[in-house]
Amino acid sequence: MNVFPFSPLGRVRLMRLTQFKSLSALLPVVVLLLLASCEGEGPSAVNYDRKALLEHYAQNLILPEYQEFGAACSDLEGAWDSFADAPTTEGLDLLRQRLVQAWTDWQAVAPLDFGPALDRGLLGFANTFPTDSTSIYFLMQEGTWNLDQADNLDVQGFPALDFLLFSRSPAATVAAFSSASDAAERRAYTQALVQRLVMLSSGVQTDWENGYAAAFPEADGVDVGSSLGKLVNAINRYYERDLRDGKVGIPLGVRSLGIVQPERAEALYSGESRALAVAGLVAYENWLLGGADAADPGLDDYLDAVNAQYNGQPLSDEIRAALADAQSSLRDGVTLSLNEAVVAETGAVQNAYTTLQRLLVLIKVDLPSSLGILITYQDNDGD
Amino acid sequence: MAIDDLPHSVRAVAGVGFPASTGLPSLPWMVRLRNGLNARQSLAPLASFRVLFGLLMLASVVRFAAKGWIQELYLEPTFFFKYPGFEWVLVPGAAGMYALFVLMGLGALGVALGCFYRVSAVVFFAAFTYVELLDKTNYLNHYYFVSLIAFLLIFLPAHRRFSLDAFRKPWIRRSRAPRWVTGILPLQIGLVYFFAGLAKINADWLLHALPLRIWLPAQTHLPVIGPLLAIPATAWVFSWVGMFYDLTLPLWLNLRITRPWAYAAAIVFHGLTAWLFPIGMFPWIMLAAALIFFPAAWHERWQRVLGDVLGRVLPLRAPVLVQVRPGLGGWIRTRFGGQLGQKFGPGPAHRSQWNTRLRPLVFAALALWFTAQLTLPFRYLLYPGSLFWTESGYRFSWRVMLMEKAGYASFRVQEAGSARYEVVRPADYLTPNQEKMMATQPDMLLQFARYLAQVYRERGLKDPAVYADVWVSLNGRGSRLYVNPETDLSRIDPRSPRTEWLTDPNITK
């Protein structure tokens with residue numbers, strides 16, 4: 001007997017079963033008919049090869065960038081060794097160039113804070129600023145230090161080297177490393193910092209070369225643990241926290257009631273903050289567009305493949321435009337280093353911040369949402 | 001003799017007792033209705049449900065703890081998005097939180113085994129619901145479903161067969177109960193499906209196959225069905241089939257002839273969703289729940305088989321003579337003029353009796369419950385603006401998987417009478433999960449804005465105003481400004497219409 005267990009009418013005389021059979025047989029037909037009517041407006045099959053995309057990112061973008069960064073760190077070490085042996089202003093000049101070069105190359109890989117880089121804590125160890133010069137002096141005098149400690153992030157990496165190599169005039173710097181009473185301690189400490197950068201960069205590079213790059217395209221889903229999920233979340237987090245806020249927003253005073261904090265800018269002593277920020281933004285051509293060449297497969301092509309729209313235009317166009325604007329707002333709109341610019345060209349930096357914000361919304365909201373990528377760093381159930 | 005002519009006590013013993021319509025004429029349909037509701041049905045499906053539900057809940061508790069979510073969702077956050085009226089629900093410290101989950105697990109186990117059943121059901125319901133009330137961030141329709149079911153189970157005689165309680169206290173054994181009792185869970189479960197289907201009848205879902213058109217092509221890497229998901233038509237098929245499935249599944253499960261097919265469809269449907277989307281235990285809970293629609297004979301068969309096996313494996317001896325002890329239920333019963341069961345011995349059990357005076361209360365409560373269940377999903381009609389945009393009346397309405405909604409929020413805190421402001425990154429106060437959920441949910445944005453005002457007031461800012469820059473993309477429409485950036489959110493009454501401070505409130509209309 002067929003009754004609803006919950007039916008208030010104990011024995012409802014339901015439709016005859018044959019009727020139900022025909023109804024349930026009709027269902028697929030109805031669905032198909034509806035489908036046929038919808039067919040016209042649908043886009044063509046979305047069969048974007050995520051694996052190939054990830055392979056391109058791993059082999060043609062990430063690996064070369066890490067290799068370049070690793071080489072730049074080795075060059076830095078080479079220049080350091082020569083300088084440490086015989087401190088001269090020429091040697092310092094080369095050393096400074098190499099530092100800026102390595103720091104610039106770092107900007108390209110900094111957003112990749114997942115996998116090997118995350119495991120080794122590269123982002124924190126390489127570029128935590130502002131650097132703590134007082135603690136650096138203290139550690140130098142002590143003669144012992146543990147740079148692995150998380151509370152020693154701000155006494156090492158590029159900002160610490162920036163302080164050690166750029167905070168005085170060339171002559172004074174050479175003197176500090178050669179004839180000053182604490183020259184030996186200074187040399188030892190700087191040596192440790194340089195070697196640590198080389199160790200970290202080569203470690204991450206080796207991890208990518210020996211397996212991670214090969215495995216990267218395999219996790220080709222869009223969930224939290226997928227490679228695309230990791231990449232997109234990492235570049236978004238870096239863009240928001242380190243690029244927009246760390247390099248521009250915080251010196252501009254967005255965290256301090258509008259009171260500018262030039263002392264919190266990157267590369268305070270070498271004055272390279274604007275160039276480094278621009279380098280960081282240029283690197284986003286890699287991560288968002290798959291490289292400078294329009295033919296390179298990138299997230300923009302993936303967005304086109306799923307027909308992602310923004311105000312009736314392709315979302316990829318909007319992202320390209322916003323990225324170009326962000327770059328030019330810093331490169332052309334601001335002329336001084338950021339620590340000077342926040343004081344002297346506040347309006348221009350403010351404008352750059354706003355322009356950076358526009359790209360942030362596109363890559364943090366529209367991009368993952370269009371691709372179905374889970375935007376969280378936490379694993380959790382949804383419904 | 002008509003049932004109404006029997007004395008109350010006889011009807012009570014017979015287990016019938018839908019109240020006689022005193023004073024009203026007994027129309028034929030009313031008599032049929034009453035008889036139908038009082039017809040005695042096997043308790044086997046309910047007992048099976050109890051076992052499966054308890055086991056799944058136990059597994060859920062273990063899974064939740066194993067994934068580190070107790071820490072991540074309840075111990076790491078420093079701010080919690082409370083439900084209005086439940087601000088008093090606090091995290092009882094790390095030890096307390098773990099203890100709560102242990103209790104929850106024990107409650108679930110007790111429910112599954114039917115051991116100290118009422119206490120277990122109360123403990124499970126209370127612990128589970130308390131945890132859910134801690135933070136809106138973690139609201140899931142299936143958690144709400146679990147809370148509802150757990151609450152109903154407290155009162156249902158799910159332990160009166162195939163349970164340890166029925167084994168050690170033979171006088172509580174029953175094999176049947178009136179349909180108005182056994183039908184409660186099927187009705188509740190049926191409503192969940194029905195409303196989930198009803199919610200899918202909207203333009204985005206049916207005419208644009210959204211959000212499935214976004215979600216499915218993201219899964220093309222999956223074996224076997226991957227290529228199928230790449231075809232745009234698949235999203236439409238899934239949308240329409242999903243809508244019909246939810247809307248009508250309870251019906252097909254009710255009919256003997258369609259039941260196997262309906263259940264097979266349920267396996268495919270829930271299996272697919274489990275595979276494609278990160279929805280945790282939900283598919284398995286619904287698959288277990290749907291079994292309640294299976295015929296009693298089916299449940300009795302496997303309970304008998306399982307009982308035989310257990311009887312052979314476990315050294316269990318049924319108690320022969322036991323004194324009935326007045327428990328809490330007995331106490332309540334005697335307060336309402338009922339009487340306790342006397343003694344159990346050889347021969348038929350003497351049953352405790354519910355006094356008929358209590359029955360109208362029970363029926364009133366049931367009527368209230370299902371009225372609420374039927375109206376809550378429609379309460380959105382009382383609010384202006386697009387439901388998907390304002391989310392007024394969105395929760396507790398079985399709206400599952402309807403939106404791809406993503407957002408980004410940052411806040412500006414400004415001192416009164418000053419042009420200076422500070423930009424607040426919510427990540428400094430919230431977990432990534434909280435930040436993500438808040439960015440698209442207006443009530444949470446308000447709560448956080450109020451919290452920020454308080455934080456800055458404590459920091460010495462005079463009359464801080466809190467503005468939000470929020471961008472939200474709904475079902476692939478592209479990011480749009482969500483909140484009016486000129487509105488001081490810390491001064492918005494949460495009960496005022498959200499259309500007053502959200503931009504684009506009619507986005508889907």
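Going down the list, the protein sequences come from chains A and B. Taking my numbering, the leading residue of the first sequence gets 1, the next gets one more, and so forth. Taking my numbering, the leading residue of the second sequence gets 1, the next gets one more, and so forth. Note that CB positions come from ideal geometry on N, CA and C, so glycine has one too.
In chain order, what residues of the same chain have a beta carbon less than 7 Å from the beta carbon of residue i, not counting five sequence neighbours either side?
{"i": "residue 351 of chain A", "result": "329, 333"}
{"i": "residue 269 of chain B", "result": "245"}
{"i": "residue 145 of chain B", "result": "192"}
{"i": "residue 43 of chain B", "result": "157, 160, 161, 174, 175, 176, 177, 182"}
{"i": "residue 251 of chain A", "result": "260, 261, 262, 264, 265, 338, 339, 342"}
Per DSSP, which one or two residues make a beta bridge with residue i?
{"i": "residue 406 of chain B", "result": "B:473"}
{"i": "residue 466 of chain B", "result": "B:413"}
{"i": "residue 384 of chain A", "result": "Residue coverage of chain A in this structure runs from 1 to 383, which leaves residue 384 of chain A outside it and unanswerable."}
{"i": "residue 178 of chain B", "result": "B:40"}
Return the chain-ordered list of same chain residues with a C-beta closer than 6 Å to the C-beta of residue i, the five sequence neighbours on each side being excluded.
{"i": "residue 39 of chain B", "result": "179"}
{"i": "residue 277 of chain A", "result": "247, 330"}
{"i": "residue 243 of chain B", "result": "197, 200"}
{"i": "residue 219 of chain A", "result": "226, 227"}
{"i": "residue 54 of chain B", "result": "108, 111, 112"}
{"i": "residue 162 of chain A", "result": "267, 269, 270"}
{"i": "residue 405 of chain B", "result": "440, 474"}
{"i": "residue 431 of chain B", "result": "76, 77"}
{"i": "residue 135 of chain A", "result": "155"}
{"i": "residue 400 of chain B", "result": "141, 196"}
{"i": "residue 326 of chain A", "result": "281, 355, 356, 359"}
Could you give the C-beta distance for residue i and residue j, rounded to a whole number, given that I count them as a contact under 8 Å?
{"i": "residue 212 of chain A", "j": "residue 290 of chain A", "result": "19 Å between Cβ atoms; not a contact."}
{"i": "residue 48 of chain B", "j": "residue 299 of chain B", "result": "5 Å"}
{"i": "residue 211 of chain B", "j": "residue 438 of chain B", "result": "20 Å between Cβ atoms; not a contact."}
{"i": "residue 364 of chain B", "j": "residue 411 of chain B", "result": "With 8 Å as the limit, residue 364 of chain B and residue 411 of chain B do not qualify as a contact, their Cβ atoms being about 47 Å apart."}
{"i": "residue 482 of chain B", "j": "residue 470 of chain B", "result": "4 Å"}
{"i": "residue 216 of chain A", "j": "residue 54 of chain A", "result": "6 Å"}
Can you tell me where the beta strand (DSSP E) holding residue i begins and where it ends?
{"i": "residue 421 of chain B", "result": "421–424"}
{"i": "residue 42 of chain B", "result": "40–42"}
{"i": "residue 274 of chain A", "result": "No beta strand (DSSP E) contains residue 274 of chain A, which is instead part of the alpha helix (DSSP H) from 273–289."}
Report all residues from its chain with a CB closer than 8 Å to the CB of residue i; omit the five preceding and five following residues, and keep chain order.
{"i": "residue 507 of chain B", "result": "386, 388, 389, 474, 477, 480"}
{"i": "residue 186 of chain A", "result": "140, 164, 176, 177, 180"}
{"i": "residue 229 of chain A", "result": "221, 222, 223, 373, 374"}
{"i": "residue 484 of chain B", "result": "501, 502, 503"}
Any idea what DSSP makes of residue i, helix, strand or coil?
{"i": "residue 497 of chain B", "result": "coil"}
{"i": "residue 334 of chain A", "result": "coil"}
{"i": "residue 376 of chain B", "result": "helix"}
{"i": "residue 224 of chain A", "result": "coil"}
{"i": "residue 480 of chain B", "result": "strand"}
{"i": "residue 370 of chain A", "result": "helix"}
{"i": "residue 502 of chain B", "result": "strand"}
{"i": "residue 191 of chain B", "result": "helix"}
{"i": "residue 167 of chain A", "result": "coil"}
{"i": "residue 441 of chain B", "result": "coil"}
{"i": "residue 287 of chain B", "result": "helix"}
{"i": "residue 142 of chain B", "result": "helix"}
{"i": "residue 270 of chain B", "result": "helix"}
{"i": "residue 73 of chain A", "result": "helix"}
{"i": "residue 119 of chain B", "result": "helix"}
{"i": "residue 140 of chain A", "result": "helix"}
{"i": "residue 131 of chain A", "result": "coil"}
{"i": "residue 383 of chain B", "result": "coil"}
For the alpha helix (DSSP H) that residue i lies in, which residues bound it at each end?
{"i": "residue 178 of chain A", "result": "170–178"}
{"i": "residue 56 of chain A", "result": "50–56"}
{"i": "residue 393 of chain B", "result": "Careful: residue 393 of chain B lies outside any alpha helix (DSSP H) and carries neither H nor E."}
{"i": "residue 98 of chain B", "result": "93–113"}
{"i": "residue 401 of chain B", "result": "Element bounds for residue 401 of chain B: n/a, residue is neither H nor E."}
{"i": "residue 298 of chain B", "result": "296–313"}
{"i": "residue 214 of chain B", "result": "212–215"}
Report yes if the C-beta of residue i is less than 7 Å from at least one heavy atom of the ligand NAD; otherwise report no.
{"i": "residue 106 of chain B", "result": "The ligand NAD is not part of this structure, which contains no ligands at all."}
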